Amino acid sequence: MPDTGIPWEELTAAATAAMGRAYVPYSNYPVGAAALIDDGRIISGCNVENASYGLTLCAECALVSSLAMTGGGRIEAFSCVDGAGNTLMPCGRCRQLLYEFRAPGMVLMTVSGIRTIDEVLPDAFGPQHLA
């Protein structure tokens, strides 16, 4: 896989630290996410629940919001963990969100190993279809 030079341990540590800040009074299921950006930064996010459930923000949403707020860029690598530190697979909605901000060849740590964004979201619809 094209993961040469990706600091996976650093990404997992950042995701774990973010998970520790999750607001999950309803599910008690904290999630943290971290990404390596094409400019070398590592950004992170955590899930934030809401009493109406449907308004809950996934960790990936918080991460992408942080990316936009801190200067933008493209995601080269991504990791997500649960409260026990286990690798999590982003849901379909979040895969689409990550796809929107991907760098070419973006890779994710998944429950089945390192995969490209194109492997976890094949035939994706994206900005290129709106041009």
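If you count by our numbering, then the sequence shown holds residues 1181 to 1311, one letter each, in order. Ideal Cβ positions, reconstructed from N, Cα and C, are used throughout, including at glycine. Computed from a prediction, not measured in an experiment: that's the story for all the values here.
Residue range of the beta strand (DSSP E) that includes residue i
i, result
"V1287", "R1282 to T1290"
"E1256", "I1255 to D1262"
"A1202", "Here A1202 belongs to no beta strand (DSSP E), and DSSP marks it neither H nor E."
"S1246", "From DSSP, S1246 is part of no beta strand (DSSP E) but of the alpha helix (DSSP H) over A1239 to M1249."
"C1226", "I1222 to C1226"
Cβ shell of residue i (< 6 Å), same chain only, five flanking positions each side left out
i, result
"I1297", "Y1279, R1282 and M1286"
"D1218", "G1253, R1254, E1256 and A1283"
"E1304", "The question names Glu, yet the displayed sequence has Ala at residue 1304. Closer than 6 Å at Cβ, skipping near neighbours: Y1279."
Residue burial classification, residue i (beta-carbon count within 10 angstroms, cutoff 16)
i, result
"N1227", "buried"
"T1250", "exposed"
"G1212", "buried"
"P1210", "buried"
Nearest candidate by alpha-carbon position, reference residue i, set the options
i, options, result
"A1231", "A1214, N1266, P1205 and R1201", "P1205"
"A1214", "A1311, V1291, V1261 and L1277", "V1261"
"V1291", "L1277, P1307, F1258 and F1305", "F1258"
"R1221", "E1229, E1190 and C1274", "E1190"
"L1235", "Y1203, A1264 and A1248", "Y1203"
"A1248", "T1267, G1225 and W1188", "G1225"
Residue range of the unbroken alpha helix (DSSP H) whose run includes residue i
i, result
"V1211", "Not the alpha helix (DSSP H): V1211 falls in the beta strand (DSSP E), residues V1211 to I1217."
"I1297", "I1297 to V1300"
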